[in-house]
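Engineer: Here you go, one structure.
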Amino acid sequence: MAESLAAMTAQTGKALAGLTVMFAMFQNYFPCELRVIIMDCYDKLVNFVYPYIQITFPEFQGDGFRRSKAYSTIERYLNANSTKQAKRLDAYVFDDCDTVVLSVANNEEVADEFKGIKVWWTSREHNPNKQSISFWPREDEKKYFRLTFYRKHRHRITAEYLKHVMEEGKAITVQERRRKLCTNKAGDGGSGLGNGFGGGGIWSEVVFEHPATFATLAMDPIRKEQIVRDLMYFSKSEDYYKNVGKAWKRGYLLYGPPGTGKSTMIAAMANLLQYDVYDLELTAVDNNTELRKLLINTTSKSLIVIEDIDCSIDVTAKREDEDENEDEDGEEEEEEKNPVNEEKKKKKKKKKQSKVTLSGLLNTIDGLWSACPGERIIVFTTNHVEKLDKALIRRGRMDEHIELSYCGFEAFKILAKNYLEVDSHELFAKIRQLLNETEMSPADVADKLMRKSDGEDVDGNLMSLIKALEEVQEKNKAAKLEEKEKKVAKGNESSDQALEENGHMIKL
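According to our numbering, the sequence shown is numbered sequentially starting from 1069.
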């Protein structure tokens, strides 16, 4: 028995070796035209005998700009219906819940049945560059789902089953929807694209759970009501925007000193409209193309937020850079003679070229790509609105300019209600007077009103606020007095200098 098995193994080895030699000869010595004809006949024979049809659903559609909705919907459908039969699963746990969420692992095949028809789904990953070795996911790794079924069921699968999968997947998506807070990835050298198009998306996300609402937002009630009405009208105006020929988007510019509630305003807007939030970090984006890819991969019903846009120097100071480049032209010849200066100049030039430009940002938020997708609100925040280029914040791009200033008495009353649960108090009159005379941000006022221990009472918190306001008032008075004294001293110095010059002229 053992001898016959050994002989059979030897025969099989010889046959395989012969086939290998024949295939090598076919590849190397057969004319190209003949090889094409033979391979074409082979493919036709296989297709004639092969009883299955396969449909592939790639993760990214077209040229990779945007994640396929079909892929995401199928992923939801399979995770909900096929995790019980899959042998290999990926597990995820969300921060706010202990439940383990399971999904079908890569290269795993699961079966599904529809009206007595059996089909097979496979999760795959295509990686043509097998030779490279890296600790990080490669950019050419592209995920896809493959559906396999008998060819005799072609019509029912394409006309009925795929429609069933899409409808059920969308229903599961709506049922499981959790609002997201996303930020662009800064992997791969700060490209903002993470591990490329096939490696899990270009946005990192967590569950959005900020509790801020317009009811608790400390600002003038009349202005607050205007903003709420504007937001609600926008969310219901798809037909109106279509009729006037505009993309369904709206821009908000929030500006004011630090601590005046710009980030809280954004959270309140998201909670009011039930939108996702995409926090875009411009300094993590290499160029205009990557910025466009990031914004195209956002969803509808979302806020696109760029906070402290005045700190993005390559955007706000573009024109100053151009003036600076003109000044540097005169020194170019001298720098070329010095190898160290030349190397520094090359590095500086490379750094400038790897940043988003003002025109690139404008085209993305207000050009042809701005309508992909619709129903989005774009929010810029800044502490120094005067630093921003006028083209960036003009009406039409930033439709609403909302100034969030220092705390007034009406805003204070909202904070007192939120933190101390009081609507009126005998100390309110004193606080009103101080707020009218002193500039203090809502964040600083809230800090004084917030209870820090069980033993604190309303009177103590209000007195703490009054003391802080009086200290700020005294500092402001001292600063004004010092500035006045400097002006007087400077004026006296100028007068003395003028007298000396006049005396010198008289002597002459």
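The beta-carbon is built from N, C-alpha and C at its ideal position, and this holds for glycine as well.
Report the CB separation of Arg1595 from Arg1214 in whole angstroms; it is logged as a contact under 8 Å.
Structural biologist: Past the edges of the chain, shown from 1069 to 1576, lies residue 1595, and the structure says nothing about it.
Engineer: So, for Thr1077: in the same chain, excluding its five sequence neighbours on each side, which residues have a beta-carbon less than 8 Å away from its beta-carbon?
Structural biologist: For the purposes of this step, residue 1077 is taken as residue 9 along the sequence shown, with counting starting at 1. Result list for Thr1077: empty, nothing under 8 Å.
Engineer: In three-state DSSP terms, what is Leu1341?
Structural biologist: The sequence position of residue 1341 within the sequence shown is 273, counting from 1. Three-state result, Leu1341: helix.
Engineer: How far does the alpha helix (DSSP H) with Leu1460 in it extend, from its first residue to its last?
Structural biologist: To locate residue 1460, count along the sequence shown from 1; it is residue 392. Lys1458 to Ile1461 is the span of the alpha helix (DSSP H), which, as asked, contains Leu1460.
Engineer: Suppose you measure from the CA of Ile1290 to the CA of Glu1550; what does that come to, to the nearest Å?
Structural biologist: Within the sequence shown, numbered from 1, the residue matching residue 1290 stands at position 222. Within the sequence shown, numbered from 1, the residue matching residue 1550 stands at position 482. Those two C-alpha atoms are separated by around 39 Å.
Engineer: For Val1453, which option in Gly1324, Ala1315 and Trp1316 has the closest C-alpha, if you only look at C-alpha atoms?
Structural biologist: By one-based count along the sequence shown, residue 1453 stands at place 385. Per the Cα distances, Gly1324.
Engineer: Can you check whether the CB of Lys1292 is closer than 8 Å to the CB of Leu1299?
Structural biologist: Mapped onto the sequence shown, residue 1299 falls at position 231. Mapped onto the sequence shown, residue 1292 falls at position 224. Not in contact: Leu1299 and Lys1292 (Cβ atoms no closer than 8 Å).
Engineer: Give the straight-line distance between the Cα atoms of Gln1342 and Glu1236, rounded to the nearest whole angstrom.
Structural biologist: Here the question's residue 1342 lines up with position 274 in the sequence shown. Here the question's residue 1236 lines up with position 168 in the sequence shown. C-alpha separation (whole angstroms): 22 Å.
Engineer: DSSP three-state label for Leu1503, please.
Structural biologist: For the purposes of this step, residue 1503 is taken as residue 435 along the sequence shown, with counting starting at 1. Three-state result, Leu1503: helix.
Engineer: Alpha carbon to alpha carbon, how far is Ile1364 from Arg1134?
Structural biologist: Your numbering for residue 1364 matches position 296 in the sequence shown. Your numbering for residue 1134 matches position 66 in the sequence shown. Whole-angstrom Cα-Cα distance: 6 Å.
Engineer: If you reduce the DSSP assignment to three classes, tell me which class Cys1379 lands in.
Structural biologist: Walking along the sequence shown from the start, residue 1379 turns up at place 311. If DSSP states are grouped into helix, strand and coil, Cys1379 belongs with the helices.
Engineer: To the nearest whole angstrom, what separates the beta carbons of Arg1144 and Ile1240, a pair I think is in contact under 8 Å?
Structural biologist: Within the sequence shown, the letter at position 76 stands for residue 1144. Within the sequence shown, the letter at position 172 stands for residue 1240. Confirmed, about 5 Å.
Engineer: What's the gap between the Cα of Asp1111 and the Cα of His1194?
Structural biologist: On the sequence shown, residue 1111 is found 43 positions in, with the first residue counted as 1. On the sequence shown, residue 1194 is found 126 positions in, with the first residue counted as 1. So the two alpha carbons sit approximately 22 Å from each other.
Engineer: In chain order, what residues of the same chain have a beta carbon less than 7 Å from the beta carbon of Asn1486, not counting five sequence neighbours either side?
Structural biologist: As a working mapping, residue 1486 is identified with position 418 in the sequence shown. Cβ neighbours of Asn1486 beyond the five flanking positions: Thr1284.
Engineer: Secondary structure at Phe1477, three-state DSSP: helix, strand or coil?
Structural biologist: Stepping through the sequence shown from its first residue, residue 1477 is reached at position 409. Three-state result, Phe1477: helix.
Engineer: Would you kindly work out how many angstroms separate the C-alpha atoms of Tyr1320 and Pro1326, rounded to a whole number?
Structural biologist: For the purposes of this step, residue 1320 is taken as the residue at position 252 of the sequence shown. For the purposes of this step, residue 1326 is taken as the residue at position 258 of the sequence shown. Taking the straight line from one Cα to the other gives about 18 Å.
Engineer: Are Leu1025 and Leu1537 touching if we call contact CB-CB under 8 Å?
Structural biologist: Beyond the ends of the chain as shown, which are 1069 and 1576, falls residue 1025; an answer cannot be given.
Engineer: In its own chain, which residues sit with a C-beta less than 6 Å from the C-beta of Pro1441, not counting the 5 before and 5 after it?
Structural biologist: Here residue 1441 corresponds to residue number 373 of the sequence shown, with the count starting at 1. Answer for Pro1441: Ser1368, listed in chain order.
Engineer: Gly1081 by DSSP, collapsed to three states: which one?
Structural biologist: Locating residue 1081 in the sequence shown gives position 13, counting from the first residue. Here Gly1081 sits in helix by DSSP.
Engineer: Taking Glu1358 as the reference, give the member of Lys1498, Tyr1212, Lys1330 and Leu1429 with the closest Cα.
Structural biologist: Taking the first residue of the sequence shown as 1, we reach residue 1358 at position 290. The candidate whose alpha carbon is nearest that of Glu1358 is Leu1429.
Engineer: Where do the N-terminal and C-terminal ends of the alpha helix (DSSP H) with Ile1142 fall, by residue?
Structural biologist: Residue 1142 sits at position 74 when you count from the first residue of the sequence shown. Per DSSP, Ile1142 belongs to the alpha helix (DSSP H) from Lys1137 to Asn1149.
Engineer: Considering Glu1236, what are the terminal residues of the alpha helix (DSSP H) in which it resides?
Structural biologist: For the purposes of this step, residue 1236 is identified with residue 168 of the sequence shown, where counting begins at 1. Where Glu1236 is concerned, the enclosing alpha helix (DSSP H) stretches over Leu1230 to Gln1243.
Engineer: Who are Trp1188's beta bridge partners in DSSP?
Structural biologist: Working through the sequence shown from its first residue, we reach residue 1188 at position 120. Bridge partners of Trp1188: Ala1179 and Thr1216.
Engineer: Classify Thr1357 as helix, strand or coil using the three-state DSSP reduction.
Structural biologist: Numbered from its first residue, the sequence shown carries residue 1357 at position 289. Three-state DSSP puts Thr1357 in a helix.
Engineer: Could you please give me the residues that DSSP links to Ile1433 through a beta bridge?
Structural biologist: Translated into the one-based positions of the sequence shown, residue 1433 becomes position 365. DSSP lists no partner for Ile1433.
Engineer: Considering Glu1348, what are the terminal residues of the alpha helix (DSSP H) in which it resides?
Structural biologist: Reading the sequence shown from its first residue, position 280 is the one you call residue 1348. Note on residue identity: the sequence assigns Leu, not Glu, to residue 1348. It is not in any alpha helix (DSSP H) - Leu1348 carries neither H nor E in the DSSP assignment.
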